[in-house]
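Counting in the numbering used here, the sequence shown runs from 87 upward without gaps.
C-beta atoms are modelled at their ideal positions from N, C-alpha and C, and glycine is treated no differently.
Quick caveat, the model's predicted, so the values are computed rather than measured.
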Amino acid sequence: MSGLFLSKGLFPQEFFRPTVDFLLRAQQADGSIPWFDGGHCDPWDHVESAMGLSIGGEYSAAENAYRWLKNAQLEDGSWWAAYRAGQVDNRERRETNFVAYIATGVWHHYLISENRAFLREMWPCVRRAIGFVLAQQSRHGEINWAVDTRGEPMEDALITGCSSIYKSLECAVNISVVIGDPRVDWRDARVALGDALRNKPERFDRTWESKSRYSMDWFYPVLTGAVPTPKASAHLQKRWGDFVEQGLGCRCVSDQPWVTVAESCELTMALLAAGDHARAVMVYSWLHQWRESNGEYWTGYQFVEDVLWPDERPTWTAAAILLAADALTEHTAAHHLFNQVRLLDVKSVNNVAEKGRARSS
């Protein structure tokens with residue numbers, strides 16, 4: 087099926103069931119979800135895959151995935167860059183956006199499952215993770231991309247990574263409010279990070295070549311809410327021609343003839359965040375030509391060589407397909423997560439609780 091058009095309220099359960107089943111097959115006994123059979127597992131892509139399980143209604147499997155992170159968490163709140171078969175596979179660094187992403191995943195699962203007991207169970211893990219991340223925030227607002235083997239800061243910042251953290255801080259604040267331990271300091275850190283992303287470009291890519299050739303640097307600030315909706319459409323229009331290949335998808339980098347499915351899914355959600363529903367539907371409709379009959383999706387397509395490349399069908403790509411489908415169809419209560427900013431305050435949560443008590447009395 088080369089063009090699957092989705093609209094509100096029409097989530098094609100039968101079509102996506104094999105994709106959910108692929109995630110279930112890939113999950114290991116300890117709860118971890120590697121990229122593919124025999125591959126490594128990293129904390130960010132693991133969370134992405136867990137979110138796919140939640141969308142698919144596989145709540146127990148998703149919760150087992152988050153419990154794997156809780157059990158593997160280091161004393162300082164972080165995780166190593168990669169794991170394989172229950173062992174650390176990369177001890178070179180611990181990346182801040184990888185660590186922060188657990189807040190996004192746990193909040194996503196709570197929105198869908200409404201399992202407050204699980205939210206409380208994961209709260210200490212989320213709290214420690216965010217503590218680790220914010221220890222790497224500079225006085226200018228940006229957040230170091232990683233610490234090295236010894237825990238020393240790797241002092242530079244990534245636009246994509248910090249944008250991802252910006253969304254994770256929104257989710258972490260919301261968790262803290264629901265738990266009843268609202269963290270004003272996290273709100274302040276999020277404000278400072280957003281200001282750096284919008285107004286301090288000199289704080290990023292200070293010690294290496296600019297990452298502006300990567301499409302994620304282009305659309306991630308929109309996807310995560312760092313670029314507000316009124317400015318989002320113009321922001322995406324500026325480099326549309328650099329990254330989007332008609333009928334194929336979004337390039338990973340502007341200077342290579344390679345479109346990737348996961349980036350195209352994320353662009354779909356960024357377009358929804360910008361209020362451009364028509365182009366979101368269009369981009370997403372191109373992606374199912376890269377689907378196998380078992381529900382797996384190829385990483386990407388090199389359109390000059392006319393080859394699927396690399397020879398991988400990763401779990402996180404399948405999960406991105408499900409996240410974009412949910413955003414388009416509003417299938418779950420978490421459909422808005424990557425196209426709207428919904429920052430809770432204590433008063434709003436108390437009002438909801440009061441209404442709930444009134445209904446039950």
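Work out the CA separation of D392 and A258 for me, nearest whole Å. Locating residue 258 in the sequence shown gives position 172, counting from the first residue. Locating residue 392 in the sequence shown gives position 306, counting from the first residue. In a straight line, the C-alpha of A258 is about 42 Å away from that of D392.
Enumerated in chain order, which unbroken segments of the alpha helix (DSSP H) with a length of 4 residues or greater are wholly contained in the stretch 284–310? Those alpha helix (DSSP H) runs which fall completely within the stretch 284–310 and span 4+ residues are 301–309.
Residues in the same chain with beta-carbon distance under 7 Å from G280, minus the five sequence neighbours each way, listed in chain order, please. The residue labelled residue 280 in the question sits at position 194 within the sequence shown. Contacts found: Y252 and A312.
Is the beta carbon of A186 less than 8 Å from the beta carbon of S254? By 1-based counting over the sequence shown, the position of residue 186 is 100. By 1-based counting over the sequence shown, the position of residue 254 is 168. In this structure, A186 lies near S254, with their beta-carbon atoms less than 8 Å apart.
Looking only at its own chain, which residues have a Cβ that is under 6 Å from the Cβ of W193, when we skip the five neighbours before and after it? Working through the sequence shown from its first residue, we reach residue 193 at position 107. Here the set comprises C257, N260 and I261.
On the premise that A411 lies in contact with F108, defined as a C-beta separation below 8 Å, what is that separation, rounded to the nearest angstrom? Reading the sequence shown from its first residue, position 22 is the one you call residue 108. Reading the sequence shown from its first residue, position 325 is the one you call residue 411. Rounded to whole angstroms, the Cβ separation of F108 and A411 is 14 Å, and the two are not in contact under 8 Å.
Looking at W384: is its Cβ nearer than 8 Å to the Cβ of W372? Locating residue 384 in the sequence shown gives position 298, counting from the first residue. Locating residue 372 in the sequence shown gives position 286, counting from the first residue. Going by C-beta atoms, W384 is not nearer than 8 Å to W372.
Measure the alpha-carbon distance for V369 versus R428 and round it to whole angstroms. The residue given as residue 369 occupies position 283 in the sequence shown. The residue given as residue 428 occupies position 342 in the sequence shown. Rounded to whole angstroms, V369 to R428 spans 25 Å at the Cα level.
With 16 other CB atoms within 10 Å as the buried threshold, where does T190 fall? Numbered from 1 along the sequence shown, position 104 holds the residue referred to as residue 190. Label assigned to T190: buried.
Out of L408, L430 and T401, state which residue places its alpha-carbon closest to the alpha-carbon of G448. Because the chain spans 87 through 447 in this model, residue 448 falls outside it and cannot be assessed.
Sub-8 Å separation of A405 and E134 beta-carbons: As a position in the sequence shown, residue 405 is number 319, starting the count at 1. As a position in the sequence shown, residue 134 is number 48, starting the count at 1. Taking the C-beta atoms as reference points, E134 is found nearer than 8 Å to A405.
Less than 8 Å between the CB atoms is what I'm expecting for F290 and L244, so what's the real figure, rounded? Here residue 290 is taken as the residue at index 204 of the sequence shown, counted from 1. Here residue 244 is taken as the residue at index 158 of the sequence shown, counted from 1. Contact holds; Cβ gap of about 7 Å.
For Y145, report the span of its alpha helix (DSSP H) as first-last. On the sequence shown, residue 145 is found 59 positions in, with the first residue counted as 1. Unbroken alpha helix (DSSP H) run through Y145: Y145 to A158.
Through-space distance from G217 to N230, alpha-carbon basis: Taking the first residue of the sequence shown as position 1, residue 230 is located at position 144. Taking the first residue of the sequence shown as position 1, residue 217 is located at position 131. Pairing N230 with G217, the inter-Cα distance amounts to about 13 Å.
Do we get a CB-CB distance below 8 Å when we pair E161 with the residues of chain C? No chain C is present in this structure, which holds just one protein chain.
In the DSSP assignment, find the alpha helix (DSSP H) that holds W402 and state where it starts and stops. Here residue 402 refers to the residue found at position 316 when the sequence shown is read from its first residue. Looking at the DSSP string, the run of the alpha helix (DSSP H) that includes W402 is T401 to T415.
Give me the Cα-Cα distance between A158 and R213, rounded to the nearest whole angstrom. Here residue 158 is taken as the residue at index 72 of the sequence shown, counted from 1. Here residue 213 is taken as the residue at index 127 of the sequence shown, counted from 1. Using only the alpha carbons, I get a separation of about 15 Å.
For R325, collect the residues of the same chain with a Cβ closer than 6 Å to its Cβ; drop the 5 residues on either side in sequence, then sort them by chain order. The sequence position of residue 325 within the sequence shown is 239, counting from 1. W304, listed in sequence order.
What would DSSP say about P104, mapped onto helix, strand or coil? On the sequence shown, position 18 is the one that residue 104 refers to. P104: helix per DSSP, three-state reduction.
Would you give the residue range spanned by the beta strand (DSSP E) that G335 belongs to? Working through the sequence shown from its first residue, we reach residue 335 at position 249. Element bounds for G335: G335 to R337.
Enclosing alpha helix (DSSP H) for G217 [first to last residue]: Here the question's residue 217 lines up with position 131 in the sequence shown. Segment R202 to L220, the alpha helix (DSSP H) holding G217.
Reduced DSSP secondary structure (H/G/I, E/B, other) of D234: The residue labelled residue 234 in the question sits at position 148 within the sequence shown. Three-state result, D234: strand.
Are the beta-carbon atoms of W154 and T401 separated by less than 8 Å? As a position in the sequence shown, residue 154 is number 68, starting the count at 1. As a position in the sequence shown, residue 401 is number 315, starting the count at 1. Taking 8 Å as the Cβ cut-off, W154 and T401 do not qualify as a contacting pair.
Starting from A168, trace the beta strand (DSSP E) in both directions and tell me its first and last residue. The residue you call residue 168 lines up with position 82 of the sequence shown. Taken as a continuous stretch (DSSP letters only), the beta strand (DSSP E) holding A168 covers A168 to R170.
Nearest residue (CA-CA) to R273, options V432, R103 and H195: Locating residue 273 in the sequence shown gives position 187, where the first residue counts as 1. The candidate whose alpha carbon is nearest that of R273 is V432.
Quick one: grab the DSSP three-state call for T246. The residue given as residue 246 occupies position 160 in the sequence shown. Helix, per DSSP.
DSSP three-state call for N380: helix, strand or coil? Here residue 380 refers to the residue found at position 294 when the sequence shown is read from its first residue. Note: N380 maps to coil in three-state DSSP.
Should K270 be labelled buried (16 or more other beta-carbon atoms within 10 Å of its own) or exposed? Taking the first residue of the sequence shown as position 1, residue 270 is located at position 184. The identity of residue 270 in the sequence shown is Val, whereas the question assumes Lys. It counts as exposed.
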